[in-house]
Structures are given as C-alpha cells and as structure tokens.
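Inspection log for the structure reproduced underneath, given as structure tokens.
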Amino acid sequence: MRSKNIKSAIAIVAVMLIFVSCKKDYLELTPRGTALEDNFYQNEKEVMQGILAVYDVTQWGTTGGYTMKMPLLSAASDDCFAGGSNASDQPNWVAYDNFNMNSSLGPQVGLWNKNFSGINRANLILSKIEKSTTLSAAFKSRVTAEAKFLRAYFYFDLVRFFGNVPLITKVLSTSELYAQVQSTPAQIYAQIEKDLREAGPSLPNTISDAEKGRISQGAAKAQLAKVLLYQNDNAKMAEAATIFEDVNRVGNPYGYSLLPNYADIFNPANKFNAESILEIPHSNNAAWTDWGYINGGEGNVGTQFIGMDSYNGDTYSSGWGFCPVTLDLVNVMKTDPRFAATIIDGAALKAAGATYNARYQNTDYFIKKYAPLKAFRSASGVAEQNWPINEIEIRLADTYLMQAEALLRSGGSAARAKELLDAVRARVGLPSIPATLDNVYAERRLELATEGHRFFDLVRTGKAVAVLGASGFKAGKSEYLPIPLNEIEVTKGGIKQNPGYN
C-alpha cells in the first residue's frame with residue numbers, strides 16, 4: 001500500500017521499530033528503548049514514519065513460518081493443493097489443506113502474530129496522535145483514518161481466521177498484557193465497522209502518484225461493504241449494496257474502472273491500475289535472510305512459493321512448487337476465456353521444451369497470477385524473497401460481484417445485479433446470464449480463481465462442507481483455525497481454544 005518512495009522509507013522505519021515486531025508474543029508493547037518511544041512522534045515526519053510501520057505489516061508473509069495469505073487460502077480451498085517437495089516440506093500448509101490442524105500444527109501462529117503486531121502498531125500510533133498538539137488538523141485526521149482502517153484490516157483477517165479473539169483498541173499496560181480474554185465475532189465486527197465508518201470521510205478520494213499505496217476513501221468504503229457482506233446477515237445486505245454502488249457506479253469519484261484486458265490486471269508492470277482498489281505492494285529491497293523465522297523484507301515470497309520447481313524454459317523463473325492447481329479448477333475453467341491468464345499449463349510448456357520437477361501433489365497446472373517472471377527477478381538481496389510483485393486484495397470486478405450478491409440477498413434491484421454480473425462476463429467476451437445467486441457464486445470462482453477469496457466464500461455461504469468435506473472439512477470446526485497454544489498458556493486459560501481442537 002505504498003509508492004516507491006514510501007517503500008524506501010518503510011525499510012528504515014521497520015528497523016527503527018523492530019522492537020514492536022521481533023518478539024513472538026502478540027501482546028508485547030513495551031519497546032526495548034523506552035526513551036526512544038517516549039521522545040518519538042513529535043512532528044509530522046516522525047508520525048508519518050509511525051504510520052508507515054503499520055502499513056509495513058500488511059506485506060509480512062514470513063512471521064512464525066510462511067503465511068502468505070493468497071497462496072495459503074488457495075491451498076485451503078478447492079482451487080489448489082498445498083504442494084511442495086513432500087508432505088513434510090511445509091506441514092502447516094498441508095495441515096490446512098487437509099483440515100487436520102491442531103493447537104501446535106497449522107499456520108495459526110504466524111497469522112495470529114502478524115495481525116496482532118499490526119493492531120499493536122496501529123494502537124500505538126493512534127495513542128500518540130491523540131496526545132499531539134503539534135500536528136496540523138488535516139494531517140492528524142488523515143493519519144488517524146489510516147491507522148483505524150489498518151486496525152480494521154487486521155481484525156477482519158483475525159475474525160475470519162479465528163472467530164473469538166481479544167479486542168484490543170489501546171496500548172496495554174504491563175498488568176494487562178496477559179489478562180486478555182476473547183470477544184465474540186459480533187463484537188469484533190462491530191469494532192471493524194466502527195473503525196471503517198470513522199476512517200472513510202477523512203481519506204482522499206484519489207491518491208497521487210507520489211503516494212500510491214496509501215489508503216483512499218474508495219478502499220475504505222469497499223472494505224466496509226465487504227465486511228458487511230461477509231457477516232452473512234441478510235439484514236446488512238441492503239447497506240452493503242448501497243456502499244458498493246458508490247464504489248462501482250460509472251463516474252465514481254475514485255477513478256475505478258474495469259480494465260479491458262483481463263490479463264493486464266496481473267501484469268507486475270501495471271501496479272495500482274484502474275481496477276485495483278486495495279493493493280499490497282512489494283519491492284525488491286534487500287531482505288533479511290531469515291527464511292521464514294522473522295518477518296522478511298519487502299518482497300513477495302508467495303511468488304516464489306507458487307513457481308515451478310527447478311524450471312528451465314522461457315518466461316518464468318524457478319520456484320518451489322507449492323500450490324499446484326487442482327484438476328477440479330482446471331476442468332471448471334478449461335473453456336473459460338480467463339483460463340490462460342489464470343493457470344499455467346505445465347504439460348504444454350514441457351511439450352515446447354521446458355523442464356521442471358514434479359513435486360508433491362503435482363497436477364502439471366500452476367498459478368499464473370503472481371507467478372515468478374524472469375523479467376521481474378530481483379538482482380538484490382535474496383532473490384527468492386525479493387519479488388517486486390504486488391497483490392491486489394480488492395478489485396473492481398470483485399466489488400461488482402459482491403454488490404450483485406448483496407442486491408439479490410436484500411431484495412434489491414435485480415436489473416442492477418444483472419448489469420454488474422454481465423459487465424464482469426462481457427469484459428472477457430462471455431454472454432449475458434440470469435442474475436441468480438448460484439450464477440454470481442460461480443462467476444466469483446472463475447473471475448477470482450487463485451486470488452485467495454474462494455475459501456472464505458465457501459465458508460460464509462455455507463457451501464464448505466459440500467465442496468471441501470472430502471478433503472477433511474468439518475462443520476463447526478474447520479471454519480476457524482485453532483488458537484495458538486502459547487496464547488492459551490500465557491493467559492492462563494483466559495483465551496480459550498476453538499471448538500474441536502485439542
């Protein structure tokens with residue numbers, strides 16, 4: 001969520017504020033150099049460094065193991081398998097793929113640590129801004145809004161991954177550190193909505209080229225409407241549809257429009273394009289060589305994960321062979337115009353003379369969106385961890401389909417729902433179809449395949465058991481990850497394990 005200039009600053013800030021993120025426990029808030037924190041945040045430059053440190057967490061993918069959200073969630077869905085060299089390569093990923101996680105096995109530690117680190121940083125900067133008497137009103141308003149948006153962003157991931165989590169909206173005192181208890185999903189969602197509603201009006205409609213990556217008002221509105229939709233409460237659907245309409249309408253004040261060419265959305269040279277609403281940036285700034293133990297640098301490690309192992313051929317660089325695409329997705333998409341921009345046909349590459357190693361769960365089909373391209377391989381730092389390939393978390397076709405769903409579920413305009421569904425299909429040359437919920441859900445899988453949306457779509461629409469049951473998904477358990485065992489132990493049972501896990 002930053003421009004090139006912002007990315008350069010963030011690398012410095014990350015080192016300055018490493019005290020916030022280097023310890024595994026999410027509740028640590030006291031810096032090693034208390035004098036530094038007490039004397040910092042005295043002017044706009046220092047506060048800007050602080051908010052950049054909050055943005056920084058959005059790109060973490062190696063916190064307590066590999067937890068890159070898009071490929072991980074694709075592996076949990078029916079879009080991809082876990083893959084890797086064998087079942088023991090990344091056991092946390094294989095456990096999520098097979099839904100046999102427990103309190104010590106699965107991706108939960110990294111996801112918990114990452115998101116609470118972001119919340120911690122957001123709370124810290126909010127507390128400093130609130131006390132400041134030297135900041136201009138406009139600057140203070142915008143940075144406060146950004147911090148609230150980011151806190152909501154991290155809590156949205158936490159509530160979807162874990163359900164009941166501690167609700168922390170202030171900097172905790174020492175006596176409060178291990179006295180945390182969980183709030184219900186309803187309470188967490190209420191705070192997320194509050195933060196996003198308060199953030200939106202203070203954010204700009206558009207972002208200048210020098211600040212590309214900062215949050216806009218359009219991103220805040222899209223995120224709020226998405227949060228309303230994901231609660232699966234039909235009573236919230238009408239409001240969600242209304243908010244989406246402001247984002248989706250022709251002539252919207254945010255500059256969003258569908259790109260004419262579907263493949264252009266994912267071209268790494270086409271960052272922050274007109275279809276992108278919420279984008280996580282990555283650069284090739286030299287990374288620490290931690291290999292999944294701390295937080296890593298600025299690069300997109302997920303790109304390395306999904307590449308073909310030991311690949312030798314044109315276009316692509318070698319990767320590690322994770323997330324092979326399922327034959328189920330291949331069969332669903334094989335006649336769809338988006339197939340070529342979504343899935344790499346490994347057999348076709350081999351027929352043309354390329355080679356690669358077939359790894360665990362190999363299908364000879366691989367993720368093309370965000371794949372490692374030779375033209376973008378980094379020459380600095382550890383190349384495998386320095387892919388400068390951004391990830392788009394929310395884009396306009398996604399919000400079109402979410403609005404269509406919200407309209408149909410709220411009894412809103414069926415004609416408008418059809419317009420939105422047809423627009424997504426027309427972009428790739430497909431004909432009009434009836435605007436039904438089943439058609440909208442089917443279109444979401446095709447349009448957004450391997451982008452990390454499918455798993456939560458199945459869960460929130462009640463389709464997960466039917467689709468993922470054969471893979472081990474169990475109703476009442478597999479919707480959420482287990483709470484990390486350490487969090488239960490350090491709070492002496494104040495934090496309870498999720499149902500079904502030991």
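Read left to right, the sequence shown gives residues 1 to 502 (UniProt numbering).
Each residue gets a CB set at the ideal place from its N, CA and C atoms; glycine is no exception.
Since this is a predicted model, take the numbers as computed values, not measurements.
- Scanning its chain for C-beta atoms nearer than 7 Å, with the 5 sequence neighbours on each side dropped, one finds around ALA274 the residues GLY255, TYR256, SER257 and LEU259, in chain order.
- DSSP places THR242 in the helix class (H, G or I) of the three-state scheme.
- For the pair GLN385 and GLY500, the CB atoms are not nearer than the 8 Å cut-off.
- Residues SER202 of the same chain have their beta carbon placed closer than 6 Å to that of SER141, with the five preceding and five following residues left out of the count.
- Taking a C-beta distance under 8 Å as the contact criterion, ASN390 and ILE280 qualify as a contact pair.
- Rounded to the nearest angstrom, the gap between the Cα atoms of GLN59 and ALA235 is 34 Å.
- DSSP places LYS212 in the strand class (E or B) of the three-state scheme.
- Each residue's CA atom was taken as its position, placing PHE339 and THR315 some 17 Å apart.
- The Cβ-Cβ distance between ARG427 and TYR230 does not fall below 8 Å.
- Assignment of GLY84 by DSSP, reduced to helix, strand and coil, places it in the coil class.
- A direct Cα-Cα distance of roughly 42 Å separates SER283 from PRO434.
- Every beta strand (DSSP E) of 3 residues or more that sits fully in the stretch 326-381 is shown, in chain order, as 343-345 and 365-367.
- If you draw a 10 Å sphere on the C-beta of SER216, you find 16 or more other C-beta atoms in it, and that means buried.
- If you ignore the 5 residues before and after ALA220, its C-beta comes within less than 7 Å of the C-beta of PHE149, LEU196, ALA199, GLY200 and LEU203, all in its own chain and listed in chain order.
- In the displayed model, ASN92 falls within a helix according to three-state DSSP.
- Within the model, the alpha-carbon separation for GLY346 versus GLY412 is close to 44 Å.
- Contact fails between the stretch 400-407 and the stretch 95-109, because fewer than three Cβ pairs, one in each stretch, are under 8 Å apart.
- Per DSSP, the continuous beta strand (DSSP E) segment holding ARG395 begins and ends at 391-395.
- With a contact defined as Cβ atoms closer than 8 Å, VAL171 and ASN123 qualify at about 5 Å.
- For VAL465, the three-state secondary structure derived from DSSP is helix.
- Residue state for ASP195 is assigned as helix, using DSSP reduced to three classes.
- About 14 Å separates the CB atoms of ALA371 and ILE265; that is not less than 8 Å, and the two are not in contact.
- In the DSSP assignment, LEU278 falls outside any alpha helix (DSSP H) and lies within the beta strand (DSSP E) extending over 276-280.
- For ASP336, the closest alpha carbon among the candidates MET101, ALA449, ALA351 and GLU393 is that of ALA449.
- Residue pairing for GLY319: DSSP places it in a beta bridge opposite ASP309.
- In this chain, the alpha helix (DSSP H) harbouring GLY50 covers 44-57.
- Using a C-beta cut-off of 8 Å, the stretch 87-104 makes contact with the stretch 58-75, since at least three inter-stretch Cβ pairs fall below that distance.
- In this structure, ASP309 sits near GLY319, with a CB-CB distance shorter than 8 Å.
- Taking 8 Å as the cut-off, the Cβ atoms of GLY321 and THR355 do not count as close.
- The beta-bridge partner set that DSSP reports for VAL165 consists of SER183.
- Of the residues THR133, ALA423, PHE376 and ASP438, the one whose Cα lies closest to the Cα of ALA269 is PHE376.
- Taken through DSSP and simplified to helix, strand or coil, LEU446 comes out as helix.
- Membership of PHE116 in the alpha helix (DSSP H) is indicated by the continuous run 108-131.
- With contacts defined as CB atoms closer than 8 Å, ASN232 and GLY472 fail to qualify as a contacting pair.
- A Cβ-Cβ separation of about 6 Å places GLU443 in contact with LEU401 under the 8 Å criterion.
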